[in-house]
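**Student:**
Protein chains: 2
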Amino acid sequence: MRGARPEVGRNRAGGGRGARNTVVTRRGRPPRTDRERLLDAAERAIRRAGPQVSLERIARTAGVTKPALFAHVGDRRALVHGLAERLLTRIETAVQTALVGREGRAALEHMIRAQLDTIAADRHVYAFVNGAGAGDTTLASTLTFARRAAAPLAAGIAEARVRAGEDPAPAEPWGIAIIGMLHMVGLWWLGDRDRQVDAARLAAQLTDLLWNGLAPPIPNERS
Amino acid sequence: MRGARPEVGRNRAGGGRGARNTVVTRRGRPPRTDRERLLDAAERAIRRAGPQVSLERIARTAGVTKPALFAHVGDRRALVHGLAERLLTRIETAVQTALVGREGRAALEHMIRAQLDTIAADRHVYAFVNGAGAGDTTLASTLTFARRAAAPLAAGIAEARVRAGEDPAPAEPWGIAIIGMLHMVGLWWLGDRDRQVDAARLAAQLTDLLWNGLAPPIPNERS
DNA sequence: CCATAAAGCTACCGCGAGTATAAAATCGGC
DNA sequence: GCCGATTTTATACTCGCGGTAGCTTTATGG
Numbered sequence: 355m356r357g358a359r360p361e362v363g364r365n366r367a368g369g370g371r372g373a374r375n376t377v378v379t380r381r382g383r384p385p386r387t388d389r390e391r392l393l394d395a396a397e398r399a400i401r402r403a404g405p406q407v408s409l410e411r412i413a414r415t416a417g418v419t420k421p422a423l424f425a426h427v428g429d430r431r432a433l434v435h436g437l438a439e440r441l442l443t444r445i446e447t448a449v450q451t452a453l454v455g456r457e458g459r460a461a462l463e464h465m466i467r468a469q470l471d472t473i474a475a476d477r478h479v480y481a482f483v484n485g486a487g488a489g490d491t492t493l494a495s496t497l498t499f500a501r502r503a504a505a506p507l508a509a510g511i512a513e514a515r516v517r518a519g520e521d522p523a524p525a526e527p528w529g530i531a532i533i534g535m536l537h538m539v540g541l542w543w544l545g546d547r548d549r550q551v552d553a554a555r556l557a558a559q560l561t562d563l564l565w566n567g568l569a570p571p572i573p574n575e576r577s
Numbered sequence: 355m356r357g358a359r360p361e362v363g364r365n366r367a368g369g370g371r372g373a374r375n376t377v378v379t380r381r382g383r384p385p386r387t388d389r390e391r392l393l394d395a396a397e398r399a400i401r402r403a404g405p406q407v408s409l410e411r412i413a414r415t416a417g418v419t420k421p422a423l424f425a426h427v428g429d430r431r432a433l434v435h436g437l438a439e440r441l442l443t444r445i446e447t448a449v450q451t452a453l454v455g456r457e458g459r460a461a462l463e464h465m466i467r468a469q470l471d472t473i474a475a476d477r478h479v480y481a482f483v484n485g486a487g488a489g490d491t492t493l494a495s496t497l498t499f500a501r502r503a504a505a506p507l508a509a510g511i512a513e514a515r516v517r518a519g520e521d522p523a524p525a526e527p528w529g530i531a532i533i534g535m536l537h538m539v540g541l542w543w544l545g546d547r548d549r550q551v552d553a554a555r556l557a558a559q560l561t562d563l564l565w566n567g568l569a570p571p572i573p574n575e576r577s
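Spelled out as structure tokens, the structure:
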């Protein structure tokens, strides 16, 4: 039970932010820092030193030592989880802001745009959360993999578009997009609900999405 | 210069498979193993012990020791790269087999199906290549992230489909699919060609794909 | 003022990636 | 048929990082 901090507050009545004045008297040394402050520091450290920062360095950026970091946020997994949570919140906020007053295709486009902008702003944190933390092998290799898998797909799409008299420029991002879609759905399918969804059905559903698009039914927001 | 093996063959004229009898005489101790055999062993080890196998264990599965593994395939990065290469080849073969005699929507569906089946057959190797090797944090957290990001999206899609009188079942995989697409394209966009493609253009292209689908232009194979 | 409680720091452990160095195995030359 | 050259392999190590044990410090309540 490491991460379970006792919720009893009021030792000098509020060290900064949250400051809930619970009247439960609380003995002992008051904490010098809290979880949020440590997560802030972690983001700063990641931004400064890249996604491969060691926990030691993160702790020192926060002005504490490793055990304090562990006591407050838990192990590496928990740290990643905490940062992911905040990043997701930021993305959700941006998306919802982008959606107000729009619907249909415009809503979709602004949703995508908001997501891209947000991860671009926090690129290092995004990379850290997605596994660049432990052994840089991960992210670069996934990208290499995707680029190679996408190449023939992109070639086919480009050819088809040229033949249809359309601009072939989107072929490359489309190839990456389709591979990314298959990648994530594959992980989800393998890891989560092994045989609850069978492959044929899943393939048919993905084909529907890719072939027809979201257009006929309304894509996202309520009308 | 570690991975650069001299290509001179013929020491006892063929230790097993490749056996090319180059007449270039070759001195010194004959190699007990070769790169391909080591990659085979690595796959076996990964299948048996999961994606977090240590290099030590991989080497011992092959019947050699770590330095031999390093001498033949290079460091961990190189190992991942080699395995990814083989896996991609397998996928490409499966896809091409699935594509013969089909076109349009059927081609797309069978392509997806082939890809899913192939990664399902080599799930552990797939996970290893995609970063579960170093510190298991990676893959699970990416999935958690994706599932959380996909949830509101899926809810919106399900609602829209119900309102349009359609089956809401595909909403969940579609949500994951869209998030996976944005994830991979985001990584590609951030990492590869920082500002060569601007966000607005990219968002528009992705919107085109998602909204209209591939249907109007022919998706993949030549007609 | 002292006992008690909580938090932090120093110093450590274990493990896995990657490497220096010595031993083993083969072939050409004599 | 032995010797030295040459190449591979194994033993045994270093290094760095994630994670932890136990002593020390700082506060409060009596």
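Order-wise, the sequence lines are chains A and B. First residue of the first sequence? That's 355 in the numbering used here, and the numbers climb one at a time after it. First residue of the second sequence? That's 355 in the numbering used here, and the numbers climb one at a time after it. Note that the Cβ used here is the ideal one computed from N, Cα and C, for glycine as well.
Determine the chain A residues that contact Q550 (chain B) at a beta-carbon separation under 7 Å, and present them in chain order.
**Tutor:** Result: empty, since nearest Cβ-Cβ is about 11 Å, beyond 7 Å.
**Student:** Grab the span of the alpha helix (DSSP H) containing R563 (chain B) for me, first residue to last.
**Tutor:** The sequence as given places Leu at residue 563 (chain B); Arg does not occur at that position. Start and end: 553-566.
**Student:** Indicate whether at least one CB of chain B lies closer than 8 Å to the CB of I572 (chain A).
**Tutor:** With a pLDDT of 46 at I572 (chain A), under the threshold of 50, the predicted position of this residue should be treated as unreliable, though the coordinate-derived value follows. For I572 (chain A), the answer is yes, since a Cβ of chain B falls inside 8 Å of its Cβ.
**Student:** Against chain A, with Cβ distances strictly below 8 Å, would R398 (chain B) count as a contact?
**Tutor:** No, because no Cβ of chain A sits closer than 8 Å to the Cβ of R398 (chain B).
**Student:** Could you name the residues of the same chain whose beta carbon sits closer than 8 Å to that of T387 (chain A), not counting the 5 residues immediately before and after it, in chain order?
**Tutor:** Cβ within range, chain order: A416, G417, V418, A422, H426.
**Student:** Report yes or no: do the stretch 462-469 of chain B and the stretch 554-566 of chain A share at least 3 C-beta pairs separated by less than 8 Å?
**Tutor:** Segments in contact, yes.
**Student:** For E513 (chain B) and G436 (chain A), what's the separation of their Cα atoms in angstroms?
**Tutor:** About 30 Å.
**Student:** Quick check: is the beta carbon of S408 (chain B) nearer than 8 Å to any beta carbon in chain A?
**Tutor:** So no, S408 (chain B) is outside the interface.
**Student:** Please look up how many angstroms separate the CB atoms of L497 (chain B) and W542 (chain A), rounded, as I've assumed it's under 8 Å.
**Tutor:** Contact holds; Cβ gap of about 6 Å.
**Student:** Against chain B, which members of the stretch 454-488 of chain A pass a CB distance test of less than 7 Å?
**Tutor:** Residues passing the 7 Å Cβ filter: R459, L462, E463, I466, R467, Q469, L470, D471, I473, A474, R477, V483, N484, G485, G487, A488.
**Student:** Excluding the 5 residues preceding and the 5 following R401 (chain B) in the sequence, name in chain order all residues of the same chain whose CB lies nearer than 6 Å to its CB.
**Tutor:** For R401 (chain B), where only same-chain residues beyond five positions count, the Cβ hits under 6 Å are H478.
**Student:** Return helix, strand or coil for Q469 (chain A), following the three-state DSSP convention.
**Tutor:** Helix, per DSSP.
**Student:** Pull up the distance between the alpha-carbon of A432 (chain A) and that of L453 (chain B), whole angstroms please.
**Tutor:** Taking the straight line from one Cα to the other gives about 44 Å.
**Student:** So, L568 (chain B) versus L564 (chain A), is the Cβ gap smaller than 8 Å?
**Tutor:** Their beta carbons are under 8 Å apart, which means L568 (chain B) touches L564 (chain A) by this criterion.
**Student:** Give me the chain A residues within the contact set of G436 (chain B), using Cβ-Cβ distance strictly less than 9 Å, ordered along the chain.
**Tutor:** Those within 9 Å of G436 (chain B) in chain A number zero; the least Cβ separation is about 11 Å.
**Student:** I'd like the list of long-range same chain contacts for N566 (chain A), defined as Cβ closer than 8 Å, with 5 residues on each side in sequence excluded.
**Tutor:** Result list for N566 (chain A): empty, nothing under 8 Å.
**Student:** Mind pulling the chain B residues with CB within less than 7 Å of L564 (chain A)?
**Tutor:** Chain B residues near L564 (chain A): L462, G567, L568.
**Student:** Kindly say whether A531 (chain B), judged by its beta-carbon, lies nearer than 8 Å to any beta-carbon of chain A.
**Tutor:** Cβ-Cβ to chain A under 8 Å: yes for A531 (chain B).
**Student:** Does R602 (chain A) come within less than 8 Å of chain B when only Cβ atoms are used?
**Tutor:** Residue 602 (chain A) lies beyond the range of chain A shown here (355 to 577); nothing can be said about it.
**Student:** Is the Cβ of A558 (chain B) closer than 8 Å to any Cβ of chain A?
**Tutor:** With 8 Å as the cut-off, A558 (chain B) counts as an interface residue toward chain A.
**Student:** Tell me whether D552 (chain B) is buried or exposed, calling it buried when 16 or more other Cβ atoms sit within 10 Å of its Cβ.
**Tutor:** D552 (chain B) should be labelled exposed.
**Student:** Which runs of the alpha helix (DSSP H) spanning at least 4 residues fall entirely within the stretch 460-523 of chain B, listed in chain order?
**Tutor:** Taking only runs of at least 4 residues, the alpha helix (DSSP H) segments lying wholly in the stretch 460-523 of chain B are 477-481, 491-517.
**Student:** Comparing C-alpha positions only, which one of A:A518, A:I530, A:R383 sits nearest to R502 (chain A)?
**Tutor:** Out of A:A518, A:I530, A:R383, A:I530 has the C-alpha closest to the C-alpha of R502 (chain A).
**Student:** Taking Cβ-Cβ distances below 9 Å as the criterion, which residues of the stretch 491-510 of chain B are in contact with chain A?
**Tutor:** Cβ contacts with chain A come from T491, T492, L493, A494, S495, T496, L497, T498, F499, A500, R501, R502, A503, A504, P506, L507, G510.
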